[in-house]
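Data block below; observations after.
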Amino acid sequence: MNIIVCLKQVPDTESQIKIGPDGKSIVTDDIKWVMNPYDEFGVEEALRLKEKHGGEVTVVGLGPKRVTESIRTALAMGADKGILVSDEALDGSDSLANAKAIAAAVKDLDYDLIFTGQRGVDDDLGLVGATIAELLGIPQFSIIVKVEVAEDGKSVKVERPIEGEALIIESNLPALITAQKGLNEPRYASLPGIMKAKKKPLEEKTLADLGLDSAEFGEGARKLKILELTPPPERAAGKIVEGETPQEKAAELAKLLHDEAKVL
Amino acid sequence: MDFSLSMEQEILRNSVRDFAENEIKPVARELDEKEEFSYETMKKMADLGLFGMFVSEKYGGQGMDYVSYIIATEEIARVDGSHAATVAAGNSLGIGPLYYFGSEEQKEKYLPKLCSGEALWGFGLTEPNAGSDAGNSKTTGVLDGDEWVINGSKIFITNASTTITSGVTCLCRTGTRDDGRPELSCILIESGTPGFEAREMHGKMMWRGSNTSELYFDDCRVPKENLLGPRGNGFYQMMQTLDGGRLSIGAMGLGGAQGCFELALKYSKEREQFGKPISHFQVNAFKLADMALEIECARLILYKACWLRDNDKPFSKEAAMAKLNCSEVMYRCANHAVQLHGGYGLMKEYDVERFYRDQKLLDIGEGTSEVQRIVISRLIGAL
Ligand SMILES: Cc1cc2nc3c(=O)[nH]c(=O)nc-3n(C[C@H](O)[C@H](O)[C@H](O)COP(=O)(O)OP(=O)(O)OC[C@H]3O[C@@H](n4cnc5c(N)ncnc54)[C@H](O)[C@@H]3O)c2cc1C
Ligand SMILES: Cc1cc2nc3c(=O)[nH]c(=O)nc-3n(C[C@H](O)[C@H](O)[C@H](O)COP(=O)(O)OP(=O)(O)OC[C@H]3O[C@@H](n4cnc5c(N)ncnc54)[C@H](O)[C@@H]3O)c2cc1C
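For the protein sequence lines, the chains are D and X, in the order given. Start counting the first sequence at 0; every next residue gets the next number (numbering that gives the first Met the number 0). Start counting the second sequence at 0; every next residue gets the next number (numbering that gives the first Met the number 0).
Given below as structure tokens:
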């Protein structure tokens, strides 16, 4: 069974995010770029399925050259091949455009399953997975914490958590799954794996290679426009609830939740 | 001049950092407290591929360059000195001499298990009366027919008494040279050989999660073939090994300093006194600035020494300089880090407390700071 994992590079969650002078983008100078954590779950799940059912895992990344490092990391974890879609015209593209480019890169590959992260931890939009599936005309299941492929490799059963319950969905393959935390514990890229990854194939493709028109990509083609970025509000100091007895404290807390926080 | 690391080295750093944060950091304090070597983390480090890093694939190694090995050691040391010690001693001192001086047979026999981390190997140089003056070793190896008969003892030998230790390389007096000085040779002694006992040492101030042993040899007999390389080359082999080993001690100093700096920076930005974070007092900010500066410089000299080694250029002087500098940089960083933590820095609940103790070994092991200054003085022609 052949599996494709889509991979995005995002700022490390430890990075300090600063808003740029244009007020619409972030300063990228000091940012450490890492594989989107949700995509790591996808890579790990693909590797486990490959170990069980055989086949090949292909990693597809999109973005500038630096994304190669994340693709190589996935190869070091055990994926077989990499594809980087890289083109200056892609700078500033929105989720729809990115999904179009990825769909074009994978449509002619032989695949049974596609994994994406359920969202990128950078802009938190969660649009790319569903859009790729739509463009490829295959079923898609988002926010999945469990994946079971049938013995014959023809269908898949997945689990999505909903309000304390689990929704179990079955589907024919090929299908697209967006990975959620809890799906697995991703492995580390081992040292022998890192050395092996050096020799694995990694292809680079431009929009022209994929037969796409660059006018449909980039800042100018955005359907989704960022008007302004603002930092989250500073956290206000906590409050200690006064009262002589637990009952009094509880009453005071209820009053504060109602009158001040207005959540009750 | 090219200061950039290769993509593989970057991936290695990220992977080992994640590993250290998730698998070692959560257990390091407790292992230190109990003075316990962990077979569980040993196994995990082995599975990640942290043993045999610079050994060719032929013997089960990873075939990486020395810079990669140093980066991996640095990343482990950023989180815990004891685990870094297990890795550094395992590679530089355990695997190193066998790989560089062993016969094809010896390499095939011992290296695969050492490179997979299923086994560990000790490096027996230091004796109770031969520390800095290691050439004064008193342990003897006498050839009796087809066997070496070994008598004597060694002290402070890392990784030598774990349940997975498969043997030690031991520096012995095997005779007298023509010039009247002792002839020193390295002999391989497998664990479990009758007459050989490795006893774990307890009560260490630092590296409490690392295994340290005394070795006793009492008419211990090993086959003649257990000689490592040519007879009489032992001291040279040990000194060669220490040149490389010094780089890994340097990595421990650098990584430890980095760990101290990060903990101190985070704490100083969070801790408020007199109505503001203590990092906003210039005296504290300057400590942090000095730490960042010294770490940057220490990294440059250490990586340069590794680069010289990887490019087959002489590196003894730079290795001594890097070991000395990285150790002393960590000393100053650990001191600042505890100071910035105030009273809390003295408590075991805070990792800087352990870093402060672990640092001290770096001024002493694999040649004291004084010995490094002797080496450098000689190499610049002053002594
Ligand atoms: C935890 C730990 C692990 C170790 N692991 C190993 C190992 O795996 N294998 C191994 O062989 N050894 C190991 N050692 C031993 C270590 O290398 C020695 O402790 C070190 O070389 C110093 O020797 P010593 O302790 O005998 O001190 P000494 O040599 O007695 O030194 C005492 C002091 O005198 C100074 N001094 C000595 N000679 C001179 C001189 N000529 N000029 C100026 N000052 C001098 C020293 O710098 C030092 O300050 C380990 C030690 C420790 C603590
Ligand atoms: C073993 C032990 C016994 C003790 N016994 C007692 C006791 O009997 N009674 C008691 O009352 N206390 C006691 N203490 C507490 C001790 O006095 C405090 O730990 C000490 O005053 C430092 O305060 P702190 O730990 O809160 O550090 P902090 O005040 O948080 O200081 C952290 C760092 O910030 C620096 N800093 C803080 N403010 C400034 C500034 N304005 N300008 C520049 N730098 C600044 C400090 O110098 C330090 O480096 C004890 C502590 C220990 C560890």
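Ideal Cβ positions, reconstructed from N, Cα and C, are used throughout, including at glycine.
_Limits of the unbroken beta strand (DSSP E) element including residue 145 of chain D_ = Residue 145 of chain D: member of the beta strand (DSSP E) spanning 145 to 148, first to last residue.
*Take the Cβ of residue 244 of chain D as the centre, count every other Cβ of all protein chains shown within 10 Å, and call the residue buried at 16 or more, exposed below.*
Classification of residue 244 of chain D: exposed, given that the 10 Å Cβ count is below 16.
_Heavy atom of ligand 1 within 7 Å of residue 373 of chain X beta-carbon_ = In terms of side-chain proximity, the C-beta atom of residue 373 of chain X is found nearer than 7 Å to a non-hydrogen atom of ligand 1.
*Beta-carbon spacing of residue 129 of chain D, residue 211 of chain D below 8 Å*: No; because the gap between Cβ atoms is not below 8 Å, this pair is not in contact.
*Is it true that the segment 96 to 111 of chain X meets the segment 143 to 153 of chain X, where meeting means three or more beta-carbon pairs spaced less than 8 Å apart?*
No, the segment 96 to 111 of chain X does not touch the segment 143 to 153 of chain X.
_6 Å Cβ shell around residue 134 of chain X - same chain, five flanking residues per side excluded_ = Same-chain partners within the cutoff: 234.
*asked:* Can you give me the C-alpha to C-alpha distance between residue 63 of chain X and residue 56 of chain X, rounded to a whole angstrom?
replied: If you draw a straight line from the Cα of residue 63 of chain X to the Cα of residue 56 of chain X, it comes to about 9 Å.
*Closer than 7 Å by beta-carbon distance: list the chain X residues that pair up with residue 315 of chain D, in chain order.*
Because chain D here runs from 0 to 263, residue 315 of chain D falls outside it and cannot be looked at.
*asked:* Please list the terminal residues of the continuous beta strand (DSSP E) segment that includes residue 195 of chain X.
replied: Run containing residue 195 of chain X: 195 to 199, per the beta strand (DSSP E) assignment.
*With burial defined as no fewer than 16 other Cβ atoms inside 10 Å of the residue's Cβ, what is the status of residue 247 of chain X: buried or exposed?*
Burial is judged here by how many other beta carbons sit within 10 angstroms of a residue's own beta carbon; residue 247 of chain X has at least 16 and is buried.
*Could you tell me whether any non-hydrogen atom of ligand 1 is closer than 7 Å to the CB of residue 299 of chain X?*
Because no heavy atom of ligand 1 lies under 7 Å away, the Cβ of residue 299 of chain X does not count as near it: no.
*Mind checking the segment 75 to 107 of chain D against chain X and listing, in chain order, the residues whose C-beta falls within less than 8 Å of any C-beta there?*
Cβ contacts with chain X come from 75.
*asked:* Less than 8 Å between CB atoms is the rule here; does residue 12 of chain D satisfy it with respect to chain X?
replied: So no, residue 12 of chain D is outside the interface.
*Under 6 Å from any heavy atom of ligand 2, by CB: list those residues in chain order, please.*
My final list is X:270, X:272, X:273, X:277, X:280, X:282, X:283, X:338, X:339, X:341, X:342, X:343, X:345.
_ligand 1 and residue 86 of chain X: does any heavy atom of the ligand fall closer than 7 Å to the residue's C-beta?_
No - ligand 1 has no heavy atom lying nearer than 7 Å to the Cβ of residue 86 of chain X.
*Are the C-beta atoms of residue 68 of chain D and some chain X residue less than 8 Å apart?*
By this cut-off, residue 68 of chain D is an interface position.
*Say yes only if the C-beta of residue 92 of chain X is nearer than 7 Å to one or more non-hydrogen atoms of ligand 1, and no if none qualify.*
Ligand 1 approaches residue 92 of chain X closely enough that one of its heavy atoms is under 7 Å from the residue's Cβ.
*Does any CB atom of chain D fall closer than 8 Å to the CB of residue 18 of chain X?*
It does; some Cβ of chain D falls within 8 Å.
_By the three-class DSSP mapping on this structure, what secondary structure does residue 179 of chain D have?_
DSSP places residue 179 of chain D in the coil class of the three-state scheme, outside both helix and strand.
*Cβ contact (3+ pairs, closer than 8 Å) linking the segment 11 to 23 of chain X and the segment 343 to 358 of chain X*: Segments in contact, no.
*Please determine, among X:266, X:278, X:219, the residue with the shortest C-alpha to C-alpha distance to residue 195 of chain X.*
The candidate whose alpha carbon is nearest that of residue 195 of chain X is X:219.
*For residue 73 of chain X, which residues in chain D fall below 7 Å Cβ to Cβ?*
From the beta-carbon of residue 73 of chain X, no residue of chain D is found nearer than 7 Å; the closest lies around 14 Å away.
*Which of helix, strand or coil does DSSP assign to residue 90 of chain X?*
Looking at residue 90 of chain X - three-state DSSP - the assignment turns out to be helix.
*Hey, is residue 141 of chain D close to ligand 1, as in C-beta under 7 Å from one of its heavy atoms?*
It does not: the Cβ of residue 141 of chain D is nowhere closer than 7 Å to a heavy atom of ligand 1.
*Compare the Cα-Cα distances from residue 114 of chain D to each of D:157, D:176, D:256 and report the closest residue.*
Nearest to residue 114 of chain D by C-alpha distance, out of D:157, D:176, D:256, is D:176.
*Does any C-beta atom of chain D lie closer than 8 Å to the C-beta of residue 61 of chain X?*
At least one chain D Cβ lies under 8 Å of residue 61 of chain X.
*Segment limits, alpha helix (DSSP H) that includes residue 194 of chain D*: Its alpha helix (DSSP H) spans residues 190 to 196.
*In chain order, each beta strand (DSSP E) run of at least 3 residues that lies wholly inside the segment 314 to 345 of chain X*: Taken in chain order, the complete beta strand (DSSP E) segments of 3 or more residues contained in the segment 314 to 345 of chain X number zero; there are none.
*Sorted by chain position, which residues of the same chain lie with C-beta nearer than 6 Å to residue 355 of chain X's C-beta, five sequence neighbours on each side aside?*
Sequence-distant Cβ neighbours of residue 355 of chain X in its own chain, meaning closer than 6 Å and more than five residues away, are 333, 337.
*asked:* Using the three-state DSSP reduction, which class does residue 173 of chain D fall into: helix, strand or coil?
replied: Note: residue 173 of chain D maps to coil in three-state DSSP.
*Distance, residue 306 of chain X Cα to residue 184 of chain D Cα*: Rounded to the nearest whole angstrom, the C-alpha separation of residue 184 of chain D and residue 306 of chain X is 36 Å.
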